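Below is one structure, written out as C-alpha cells, with a few remarks after it.
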Amino acid sequence: MTVWLRAAGVYNVVWGAAAILAPRALFEFAGILPPNYPSLWQCIGMIVGVYGVGYWIAASDPIRHWPIVLVGLLGKVFGPMGFVAALARGEFPVAFGWTILTNDVLWWVPFGLILLRARQHHAGAAPASAA
Numbered sequence: 055m056t057v058w059l060r061a062a063g064v065y066n067v068v069w070g071a072a073a074i075l076a077p078r079a080l081f082e083f084a085g086i087l088p089p090n091y092p093s094l095w096q097c098i099g100m101i102v103g104v105y106g107v108g109y110w111i112a113a114s115d116p117i118r119h120w121p122i123v124l125v126g127l128l129g130k131v132f133g134p135m136g137f138v139a140a141l142a143r144g145e146f147p148v149a150f151g152w153t154i155l156t157n158d159v160l161w162w163v164p165f166g167l168i169l170l171r172a173r174q175h176h177a178g179a180a181p182a183s184a185a
C-alpha cells in the first residue's frame, strides 16, 4: 500500500510541476491546440501536485488516511467520466486520452485495494466512543 501511494505522490507532483512549468507541452505532444488560457492548465497542475502531497502523507499510514485515498480515487474515476463526456460532445480529441490511462486508470486497482483493506480493518475494530 505504501509503495503505491508513494509512487502516486511522486507521479502527481512531477506531473503537476510539468503542467505548471510547461503548460503547452502536453498539448503539443498530443498534437492538439493548447488552451487559450494556459494559467487554467497550470491551476490544474497545482491541484494534481497537491493531490500528490496528500498521497505521500497517506503513505505513512494508509489505513488511517483512507479518506485521502478515497478523495483521490473519486477524482480518478470522475476525471475519465468527464473526458468521455467531452469526447462524445466532440470537445476533446482522442489523442488526449492516453493521459487518462496514466493519470487515472492505472491507480484504480491499488487505490481500491487500499480502501478495501481500510474497510476490513475498521470493520474489525471496536467502534470509537462518543465524546
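So the number in my numbering is just where the residue sits in the sequence shown, counting from 1, plus 54. Beta carbons: idealized from backbone N, C-alpha and C, even for Gly. Quantities reported herein were computed from a predicted structural model and do not represent experimental measurements.
- Distances from the alpha-carbon of A112 to those of P164, H175, G63 and K130 put G63 closest.
- In the displayed model, E82 falls within a helix according to three-state DSSP.
- Burial check for D115: the Cβ neighbour count within 10 Å stays below 16, so the residue is exposed.
- Here DSSP, grouped into helix, strand and coil, assigns Y91 to coil.
- One alpha carbon belongs to L59, the other to A142, and they sit about 32 Å apart.
- Look at P77 here: in three-state DSSP terms it is coil, with no helix or strand label.
- In this structure, N157 sits away from G106, with a CB-CB distance that is not shorter than 7 Å.
- In the assembly as shown, P121 is an exposed residue. Its beta-carbon has fewer than 16 other beta-carbons within 10 Å.
- Comparing C-alpha distances from V125 to each of G108, F137 and M135 shows the shortest one belongs to G108.
- Taking the Cβ atoms as the reference, E82 lies roughly 7 Å from P88, within the contact range of under 8 Å.
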